[in-house]
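To start, the structure itself, in structure tokens.
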RNA sequence: GCGGCCAUAGCUCAGCUGGUUAGAGCACAAGAUUGUGAUUCUUGGGGUCGCGGGUUCGAAUCCCGUUGGCCGCCCCA
């Protein structure tokens with residue numbers, strides 16, 4: 004059709020699309036609620052500075068930002084984290100700890116759309132504030148698993164990869180990298196699985212910035228990134244690390260490994276062992292993460308990340324709030340939807356009334372309307388034809404609508420002060436006294 | 001921001017190397033059928049062939065541009 008189209012990367016939700024979206028939201032919401040998270044929402048439009056403060060100036064090219072009529076620099080929200088940090092920061096003093104919040108909301112990013120990525124998309128965001136220990140990570144990762152397992156997906160379909168930026172910092176410090184260089188190295192690590200030959204291609208961005216790097220160091224970084232698996236060995240990691248470490252730093256690393264083990268064991272105790280594995284290759288793009296980071300991927304590996312999250316202990320303070328530790332994750336609807344389609348976990352679209360009223364004429368319509376309204380007011384979904392139609396036509400429509408029952412209002416029934424009730428599945432019929440129709444229908448429907 | 005492929009009805013597509021008034025299936029609607037439905041038959045609505053320009057006697061078809069979609073690169077909070 005010529006004329007107006009939706010904007011690139013934005014979607015119309017026709018009823019079938021909308022019902023699928025609702026299925027996703029339903030699973031997410033019931034998971035978050037079961038885990039004791041409280042739902043909130045926030046403005047779609049925020050001051051541009053909120054995102055610049057968190058992510059730096061460069062972010063602006065990927066924001067839906069503009070100047071409003073009052074001259075304010077504003078942006079559609081590209082994510083929830085800064086907003087929720089502000090909200091929690093404002094009231095942190097009066098909120099019971101731990102603070103466990105979630106939202107399901109739409110976000111907007113000015114990027115080129117491609118598979119699994121659009122300009123407008125929905126995310127569930129779940130965050131825990133006020134808990135510095137790894138117990139918060141256990142809780143969140145368990146919730147993330149439920150947000151996917153709730154669709155019937157299993158450990159054969161997706162995997163959570165857990166990593167720790169602190170371990171990376173300690174290790175890279177030990178290798179002699181400066182605080183300025185470490186983020187660049189982590190960018191390199193992020194590229195390892197994409198860039199093919201890691202020692203050559205992947206280090207390019209680092210080398211361009213800080214000059215050449217000896218091959219031994221490159222190999223060590225790569226070896227550390229390869230630490231992975233569900234049965235990771237602290238011993239191996241410590242050994243690898245210790246060969247480069249100053250003795251006084253060993254305690255830090257041991258404590259970190261203990262926390263790592265605690266998360267893995269906690270999830271194993273919940274029966275979720277097979278959903279999680281260590282993977283030091285995961286570092287996550289942005290620099291504000293301060294500890295454990297994790298991502299969810301499909302097992303086949305042909306989709307982009309399903310979800311991502313981690314600890315950001317400094318962000319609430321950075322945005323003007325109190326010093327408040329935090330962990331959170333977000334899971335998106337686009338990639339999740341692709342995964343559900345791949346695994347045929349989408350619910351079939353259902354749009355059937357419970358009752359269809361077959362109406363024989365104008366006199367019958369008056370009686371039918373009274374019952375229809377009474378049934379609807381009591382919550383029963385009832386449909387009826389707007390115009391007078393042949394009975395045959397009406398029965399066909401009733402059948403095709405998927406209704407369980409038909410109520411037949413004709414001259415014969417009117418004369419006898421009854422309504423004929425037909426079971427559309429087995430085609431049985433019986434007369435029901437007119438004043439009992441609502442009660443009988445409700446009773447029949449509740450039995451199934 | 002860069003590159004590849006694509007664009008005909010609501011959906012899936014056909015339409016030959018340019019040639020009358022652009023087709024099919026599905027879907028939707030009406031009728032056969034004013035007291036009983038899943039089949040069937042008949043009929044109908046719906047297209048400026050994504051948009052703009054060019055070549056030509058003539059363009060859905062060839063050329064250029066543009067918009068949108070899909071896929072990849074950059075990025076990915």
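Numbering (the working numbering), first residue to last: 4 to 451. Ideal placement from N, C-alpha and C gives every residue a C-beta, glycine not left out.
Just how far apart, CA to CA, sit residue i and residue j?
i: residue 4; j: residue 135; result: For residue 4, the predicted structure reports a pLDDT of 43, less than 50, and the residue's modelled location is therefore unreliable. A value from the coordinates is still provided. Their backbone Cα atoms lie some 55 Å apart in a straight line.
i: residue 287; j: residue 301; result: 17 Å
i: residue 257; j: residue 117; result: 42 Å
i: residue 330; j: residue 137; result: 10 Å
i: residue 357; j: residue 291; result: 52 Å
i: residue 381; j: residue 446; result: 12 Å
i: residue 225; j: residue 196; result: 11 Å
i: residue 283; j: residue 79; result: 33 Å
i: residue 17; j: residue 48; result: 25 Å
i: residue 27; j: residue 442; result: 35 Å
i: residue 174; j: residue 244; result: 6 Å
i: residue 97; j: residue 119; result: 39 Å
i: residue 272; j: residue 142; result: 12 Å
i: residue 314; j: residue 121; result: 26 Å
i: residue 449; j: residue 151; result: 31 Å
i: residue 307; j: residue 180; result: 30 Å
State the DSSP-derived secondary structure class of residue i, mapped to helix, strand or coil.
i: residue 217; result: coil
i: residue 436; result: strand
i: residue 167; result: strand
i: residue 27; result: helix
i: residue 231; result: strand
i: residue 178; result: coil
Measuring alpha carbon to alpha carbon, tell me which of the options ends up nearest residue i.
i: residue 218; options: 115, 87, 94 and 204; result: 204
i: residue 30; options: 126, 61, 95 and 50; result: 126
i: residue 166; options: 262, 411, 19 and 17; result: 262
i: residue 388; options: 89, 381 and 410; result: 410
i: residue 275; options: 206, 157 and 173; result: 157
i: residue 452; options: 386, 427 and 361; result: Residue numbering for the chain in the displayed model covers 4 to 451; residue 452 lies beyond these limits and cannot be assessed.
i: residue 88; options: 442, 437, 342 and 326; result: 326
i: residue 45; options: 22, 81, 63 and 17; result: 81
i: residue 408; options: 355, 415, 332 and 160; result: 355
i: residue 9; options: 74, 123 and 95; result: 123
i: residue 277; options: 160, 178, 180 and 363; result: 160
i: residue 253; options: 176, 393 and 371; result: 176
i: residue 128; options: 186, 398, 334 and 207; result: 334
i: residue 401; options: 113, 426, 239 and 7; result: 426
i: residue 319; options: 91, 206, 103 and 437; result: 91
Do residue i and residue j have their CB atoms nearer than 8 Å?
i: residue 337; j: residue 144; result: no
i: residue 440; j: residue 374; result: yes
i: residue 40; j: residue 105; result: yes
i: residue 421; j: residue 434; result: yes
i: residue 68; j: residue 60; result: no
i: residue 168; j: residue 293; result: yes
i: residue 353; j: residue 147; result: no
i: residue 23; j: residue 339; result: no
Given 7 Å as the limit, tell me if residue i has its C-beta closer than that to any heavy atom belonging to the ligand MG.
i: residue 445; result: The ligand MG is not among the ligands present in this structure, which contains no ligands whatsoever.
According to DSSP, what are the bridge partners of residue i?
i: residue 95; result: Paired residue(s): none; residue 95 is not in a bridge.
i: residue 423; result: 411 and 434
i: residue 128; result: 106 and 333
i: residue 359; result: 386 and 409
i: residue 82; result: For residue 82, which the question treats as bridged, DSSP gives no partner whatsoever.
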